[in-house]
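Everything on this sheet refers to the single structure shown next.
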Amino acid sequence: MPAKKGQASGSTATTSKKRKMDPNAQKYYAVRTGKRPGVYLTWNECQAQTAGYRGAQYKSFLSRSDAQAFVEGRNPSTASDGSQEVRYYAVAVGRDPGIYTNWEAASVAITGWKGPKYKRFDTRKDAIEFIRTHGNEAAQKVLREQEGQEIGPPAKKFRRSSPEAEPNIQCIYTDGSARGNGRVGAVAGVGVYFGAGDPRNISEPLEGEVQTNQRAELTAMLRAVEGVPIDQPIRIYSDSKYSISCVTDWYRNWEKNNWRTKEGPVKNKDLIEAIRAKIEERNAAGTKTLFEWVKGHASDAGNVAADALAVSGAIRK
Numbered sequence: 003m004p005a006k007k008g009q010a011s012g013s014t015a016t017t018s019k020k021r022k023m024d025p026n027a028q029k030y031y032a033v034r035t036g037k038r039p040g041v042y043l044t045w046n047e048c049q050a051q052t053a054g055y056r057g058a059q060y061k062s063f064l065s066r067s068d069a070q071a072f073v074e075g076r077n078p079s080t081a082s083d084g085s086q087e088v089r090y091y092a093v094a095v096g097r098d099p100g101i102y103t104n105w106e107a108a109s110v111a112i113t114g115w116k117g118p119k120y121k122r123f124d125t126r127k128d129a130i131e132f133i134r135t136h137g138n139e140a141a142q143k144v145l146r147e148q149e150g151q152e153i154g155p156p157a158k159k160f161r162r163s164s165p166e167a168e169p170n171i172q173c174i175y176t177d178g179s180a181r182g183n184g185r186v187g188a189v190a191g192v193g194v195y196f197g198a199g200d201p202r203n204i205s206e207p208l209e210g211e212v213q214t215n216q217r218a219e220l221t222a223m224l225r226a227v228e229g230v231p232i233d234q235p236i237r238i239y240s241d242s243k244y245s246i247s248c249v250t251d252w253y254r255n256w257e258k259n260n261w262r263t264k265e266g267p268v269k270n271k272d273l274i275e276a277i278r279a280k281i282e283e284r285n286a287a288g289t290k291t292l293f294e295w296v297k298g299h300a301s302d303a304g305n306v307a308a309d310a311l312a313v314s315g316a317i318r319k
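For my numbering, add 2 to where a residue sits in the sequence shown, where the first one is 1.
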């Protein structure tokens, strides 16, 4: 019996909807602006082409054809996030003012800020004009840096809640989040924050079967060290005294004791060794790798941003 009119399209729509909801569906990562524009099959490949590249544009899709269309500057038919065009989010007043191309990053810039001013635009030009009109001194400064143009000198120095930047040292904030930590069914996320709108910022689910806050914290540190050149001095800020102690102090005795304690094998050995290996590589190159503890869930803007990225990563698990 022939199908009734409209049945086929309804079936296709249902299949498409299921595909969008399937977390295991193959994603195609399109890099429109980056080191080597193109379509990539993994997030790590995409990140390698965009990390540290100013003005990078990239997006994930559920079909190669849509991804290729994005690379070529055409409007794809269906983006994985439901968007067909690049949107610009202008944060004129917030924790980290500036122009963003995804809501996730923009929301981090305003979360917890009293009286933020922000708006979504279809063009970068309109977003710039919004910040020029409504932005405070910090926003004007960021806009000058992002656009490479003079908008007028700031009247006075703007104070930030985060520690002052040190010459030549890249400051990175890391955090981990675990929903249901220590219980069956727990899901964890990783957050790494380089700065407002920085393409190196990371928000991802924790990989592996063991989903704990400690593994998420250590993984965030590892991602941070992996995300910078070997000759770039860094200072990693974390609210996890456990993670900092693991990679700066406790590892020495653990190595002497063949990675065992009175309670048994040292937990998270794989991550600790991976971080130490990166640190040793950097030490051999004469590069500083510093760690500093910050109070979690307080007023430090960088830590708050890293926490938001980690929580977002856990939600996507």
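No residue lacks a Cβ here, since even glycine has one placed at the ideal position from N, Cα and C. Only a predicted model underlies this, so the values are computations on that prediction, with no experimental measurement involved.
Taking C-alpha positions only, GLY36 is separated from PHE72 by approximately 13 angstroms. Per the DSSP secondary-structure output, TYR195 pairs in a beta bridge with TYR175. Its chain contains TYR239, ASP241, ASP302 and ASN305 as the residues whose beta carbon lies nearer than 6 angstroms to that of VAL296, once the 5 sequence neighbours on both sides are disregarded; these appear in chain order. Its chain contains GLN51 as the residues whose beta carbon lies nearer than 7 angstroms to that of ARG38, once the 5 sequence neighbours on both sides are disregarded; these appear in chain order. Residue GLY96 holds the alpha-carbon nearest to the alpha-carbon of ASN138 among GLY96, ASN46 and SER109. Beta-bridge partners of LEU292 (DSSP): ARG237.
Taking a cut-off of 8 angstroms for Cβ pairs, the segment 111-118 and the segment 64-71 do not touch, as fewer than three such pairs fall below it.
When VAL230, TRP256 and TYR120 are compared, the shortest CA-CA separation from GLU265 is found for TRP256. Excluding five sequence positions before and after ARG126, the CB atoms of its chain that fall closer than 7 angstroms to its own CB belong to TYR90 and ILE101, given in chain order. With fewer than 16 other Cβ atoms inside 10 Å of its own Cβ, ARG254 counts as exposed. Exposed is the label assigned to GLU74, since fewer than 16 other Cβ atoms lie within 10 Å of its Cβ.
Taking 7 angstroms as the cut-off, the beta carbon of SER245 is found closer than this to the beta carbon of GLU219.
The Cβ atoms of ASN215 and GLY178 lie closer than 7 angstroms to each other. Per DSSP, ARG97 is not a residue of any alpha helix (DSSP H), being assigned neither H nor E.
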